[in-house]
Amino acid sequence: MEEIKVAGSQLVDTVKGLIKEGNVRRVIVKNREGKEVFEVPLTLGVVGVAVAPLLVAVGAVAGIMKECTVVVERDPKDPAPDPQA
């Protein structure tokens, strides 16, 4: 599990980037107090058109949050992406 602190305005872009990585199993968005406000299970089948409604929902959450934490659960079979790449 990996935690990323982001501003609400960056939440949609962060989730988009995680979806593009392809090795993410689940994304959890928590508020400042650490309470889970949104959870997105991602599977290999989440692509293209299926992503649009997901991003709309994430955008709605981002609109009410100034700061949040994104918890990322990656597929243990796939290595984490190299941040230097």
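Numbering (the numbering used here), first residue to last: 43 to 127.
From the three backbone atoms N, C-alpha and C, an ideal C-beta is built for every residue, glycine too.
Using a Cβ distance threshold of 8 Å, A104 and G50 count as a contacting pair. L53 places its beta carbon 8 Å or farther from that of V114. I61 and E109 have their C-alpha atoms spaced approximately 20 Å apart.
In the three-state DSSP reduction, K58 falls in the helix class (H, G or I). The residue among T56, L97, V112 and P118 with its C-alpha nearest the C-alpha of N73 is V112.
Rounded to the nearest whole angstrom, the C-alpha separation of V69 and L84 is 8 Å.
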